[in-house]
Amino acid sequence: MYVELKNINKSFGDHKASDDVSFGIEKGKLIGLLGPSGSGKTTILRMIAGLEQQDSGDIIIDGKVVNNIPAAKREIGFVFQNYALFRYMTVFENIAFGLKVQKKDKQFIRERVGELIELIGLSGLEKRYPSQLSGGQRQRVAFARALAPNPQLLLLDEPFAAIDAKVRQELRSWLKDMIEKLGVTSIFVTHDQDEAIEVADEIIITNNGRIEQVGTPLEVYQNPQTAFTAGFFGQTAVLENYTDFHTFEKPNGAEKAFVRPEFISVTKKNEPQKFKSSAVEGTVERVAFRGNNMELSIRANGALLTAKRGLDAAEIHVGEKVDVFIYRLFVTVGEKAVLLENQSAREGSVFI
Amino acid sequence: MDKTQDQSKNAKIVKWLLISISTLFIAVMLLLPLVTVIIEAFRQGFEVYLKAIADEYTVKATLLTLEATLFAVVINTVFGLFAAWTVTKFKFHGKKLLTTLIDIPVTVSPIIAGLIFVLTFGRQSFIYPLLEKADVKIVFAVPGIVLATIFVTFPFISRELIPVLEAQGTDEEEAAALMGASLPRIFTKVTFPHIKWAFLYGVVLCTARAMGEFGAVSVLSGHIRGKTNTLPLHVEILFNEFKYVPAFAVSSILVILAVIVLIIRSVVEYHGKKDG
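These protein sequence lines map, in sequence, to chains B and V.
Be aware that the first sequence starts at 1, since it is given in this note's numbering, and climbs by one per residue.
Be aware that the second sequence starts at 1001, since it is given in this note's numbering, and climbs by one per residue.
Rendered as structure tokens:
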């Protein structure tokens, strides 16, 4: 493990920001720290950087315990949420700052900064001030500034939060490519699940100061281990009494269930369907066009479900009665989440 | 249609009414007295004016005023910078109390400020024997005047800086510190460029206030001509002796100094706004 956190605890007054946090990160990986706001993800990032001191526990970077190494000596690049560019310095001076502090010679600084400006695609804007740049450009400068002294670890705090939606999409793939190309181990903090899934090699999910789950985006999405993770991803609907929907077994201690849109199939009354006996009737409350599909909100057994339907399927109207069949769902047993397949679908697959 | 025309007409009337009231007010309350000072100063001709200004005691009073101002501005600049930096960039207990304490000189009457110093350093004080032993005179001497001036003007610079520094936050400093920059470097390269104009503005205000200080200085000075008389005190003495022309002539020096400070202030303000 390149970066390792062992039993980290941190409180701010009564608020426990980190509760026995432990995880490890391999060299060269791009890690997403994902969680709702207030879940303690930024605190973790700031402790790794040395901007906050943990109350207990060890932080290890490259085999060295860095607990007592001040922030400036940890060789970490940090991209702040609002970039924190030096507003009275030009793009060039901003990127050169870290190198000047290290007393590198002028020739070296000029070359390195030139290289980075080329890399971030802002050639010709060296003499601009941050206020004369767009949000996306500022983010790139902040990225280059953090990278200039060749850090062993790059930390990014909500790197896309301050950018408008369209540029954000573009910057996400840019940043991913860039970090892959440079091979620098990176951790970024985000509250946006799409962002984490799209950008990260591995996701660490935080909630209430604890680590809920660590895994690749596919793993955490498909196999949520905890109730929180199961409910966090996708447009999940909560079923308080999931046994109202047919043919799911009930494990010991099972409470409520989470259903994602892709777990649901919706059929019109006149359409043929495979699992008629296990479907329940629901009323369509809302139909929304989502570009490449239709999003349906359906009230069934008192729960409001979100489902998707292809554009080539027959149209469904608000108020229409439809049949809803749930293929699988996540059932919570205490803090844990368990995936359940619909039994009739399982039997059905045996027949085919 | 008519209604909107009526409304815009009304708005115009209100606008001109407000402009005339404020102009009239400024003319009567500010311009008229200032012009009177200058006219009265020259009433008996330029030579009498020159003589009044070149008077030995006037020259000494002017020098003392400049001396006290210089000390006050330099000391308050250092103090103001440190205080503002401490209050805005660090978290600690008693921060609220400190910011409140900084404002005391603005709220306390200068006379009381003067009396406090007399009580602290005068004959009744328990410090007095120590001061006497060390042969340091504070009350009714130049150090007292300098102290009083410092006291009265000390919030000016920090009060200008604190809002600007607060608005800036600590991110840029954190970023610089993370890259290994030393405190002096962070201050000169990151923080100071940001507060430059507010800082200069504070210095100008502090200067203006220090030159004109009367109350606290009056209590501490003892009015010894040629020794502990500042310009405002000198004006008072001349006036009380019915020497009107010299009184106004000496006042005109203060007025001219004030105008210079105002011009500097406007220039600073203009540049500060331009830099945004």
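Glycine residues also receive a C-beta, built at the ideal position from the N, C-alpha and C atoms.
Neighbour flag for residue i against chain B, beta carbons, 9 Å
i: Asp-1103 of chain V; result: no
i: Met-1179 of chain V; result: yes
i: Glu-1174 of chain V; result: yes
i: Lys-1189 of chain V; result: yes
i: His-1093 of chain V; result: no
i: Asp-1055 of chain V; result: no
i: Arg-1185 of chain V; result: yes
i: Asp-1171 of chain V; result: yes
i: Asn-1010 of chain V; result: no
Nearest to residue i (by Cα), restricted to the options the options
i: Ala-254 of chain B; options: B:Gly-334, B:Asp-157 and B:Ala-162; result: B:Gly-334
i: Ala-49 of chain B; options: B:Lys-100, B:Ile-197 and B:Ile-76; result: B:Ile-76
i: Asp-1103 of chain V; options: V:Pro-1155, V:Phe-1082 and V:Pro-1143; result: V:Pro-1155
i: Leu-45 of chain B; options: B:Ser-186, B:Val-318 and B:Leu-133; result: B:Ser-186
i: Thr-1228 of chain V; options: V:Leu-1119, V:Ser-1022, V:Ala-1177 and V:Tyr-1057; result: V:Tyr-1057
i: Phe-325 of chain B; options: B:Ile-316, B:Met-294 and B:Glu-262; result: B:Glu-262
i: Pro-1105 of chain V; options: V:Ala-1216, V:Lys-1243 and V:Lys-1274; result: V:Ala-1216
i: Ala-1198 of chain V; options: V:Glu-1213, V:Ser-1266 and V:Val-1142; result: V:Ser-1266
i: Arg-112 of chain B; options: B:Gln-235, B:Ala-148, B:Ser-131 and B:Leu-51; result: B:Ala-148
i: Ala-1181 of chain V; options: B:Lys-100, B:Glu-158, B:Glu-170 and B:Ala-237; result: B:Lys-100
i: Thr-267 of chain B; options: B:Ile-298, B:Gly-291 and B:Phe-289; result: B:Ile-298
i: Asp-20 of chain B; options: B:Gln-107, B:Gly-63, B:Ser-11 and B:Glu-26; result: B:Ser-11
i: Gly-1212 of chain V; options: V:Leu-1081, V:Thr-1230 and V:Phe-1121; result: V:Thr-1230
Exposure label - residue i; buried when at least 16 CB within 10 Å
i: Pro-151 of chain B; result: buried
i: Ile-1013 of chain V; result: exposed
i: Thr-283 of chain B; result: exposed
i: Met-360 of chain B; result: Residue 360 of chain B falls outside the range modelled here, since chain B spans only 1 to 352, and no answer is possible.
i: His-1194 of chain V; result: buried
i: Gly-319 of chain B; result: exposed
i: Met-1029 of chain V; result: exposed
i: Pro-1246 of chain V; result: buried
i: Gly-1144 of chain V; result: buried
i: Tyr-1270 of chain V; result: exposed
i: Met-1 of chain B; result: exposed
i: Arg-309 of chain B; result: buried
i: Gln-1007 of chain V; result: exposed
i: Thr-1036 of chain V; result: exposed
i: Gly-98 of chain B; result: buried
i: Phe-351 of chain B; result: In this predicted model, Phe-351 of chain B has a pLDDT of only 44, less than 50, meaning its place in the structure is not dependable; the value taken from the coordinates is given anyway. Exposed: under 16 other Cβ atoms inside 10 Å.
Residue-chain proximity (residue i, chain V), Cβ-Cβ < 9 Å
i: Ala-49 of chain B; result: yes
i: Ile-76 of chain B; result: yes
i: Pro-149 of chain B; result: yes
i: Lys-256 of chain B; result: no
i: Lys-127 of chain B; result: no
i: Lys-268 of chain B; result: no
i: Phe-80 of chain B; result: yes
i: Arg-140 of chain B; result: no
i: Arg-145 of chain B; result: yes
Distance cut-off 8 Å: residue i Cβ against heavy atoms of the ligand SAH
i: Asn-223 of chain B; result: Among the ligands in the structure shown, none appear at all, so the ligand SAH cannot be discussed.
Beta-carbon separation (whole angstroms), residue i vs residue j, contact threshold 8 Å
i: Gly-32 of chain B; j: Phe-188 of chain B; result: 6 Å
i: His-246 of chain B; j: Pro-36 of chain B; result: Contact flag wrong, Cβ pair sits at about 33 Å.
i: Ile-1138 of chain V; j: Leu-1147 of chain V; result: 7 Å
i: Pro-217 of chain B; j: Ile-197 of chain B; result: 4 Å
i: Ser-22 of chain B; j: Gly-209 of chain B; result: Not a contact, Cβ separation roughly 13 Å.
i: Ala-200 of chain B; j: Thr-332 of chain B; result: That pair is no contact at about 25 Å.
i: Ile-1111 of chain V; j: Val-1219 of chain V; result: 6 Å
i: Ala-1072 of chain V; j: Ile-1150 of chain V; result: 5 Å
i: Thr-251 of chain B; j: Ala-337 of chain B; result: In the sequence under discussion, the amino acid at residue 251 of chain B is Pro, which differs from the Thr named in the question. About 11 Å; that fails the 8 Å criterion.
i: Phe-1214 of chain V; j: Pro-1232 of chain V; result: 4 Å
i: Leu-1034 of chain V; j: Val-1255 of chain V; result: 6 Å
i: Phe-160 of chain B; j: Arg-145 of chain B; result: Contact doesn't hold; Cβ gap of about 17 Å is too wide.
i: Ala-96 of chain B; j: Ile-109 of chain B; result: 5 Å
i: Val-1204 of chain V; j: Ile-1264 of chain V; result: 5 Å
i: Val-184 of chain B; j: Lys-269 of chain B; result: Contact doesn't hold; Cβ gap of about 57 Å is too wide.
Chain V contacts from the stretch 85-116 of chain B (Cβ-Cβ distance under 8 Å): Leu-85, Phe-86, Arg-87, Tyr-88, Met-89, Phe-97, Gly-98, Val-101 and Gln-102
Near-chain B residues of the stretch 1188-1218 of chain V - C-beta to any C-beta below 8 Å: Lys-1189, Val-1190, Pro-1193 and His-1194
Positions along the stretch 54-73 of chain B whose CB lies within less than 8 Å of some CB in chain V: Ala-71, Ala-72 and Lys-73
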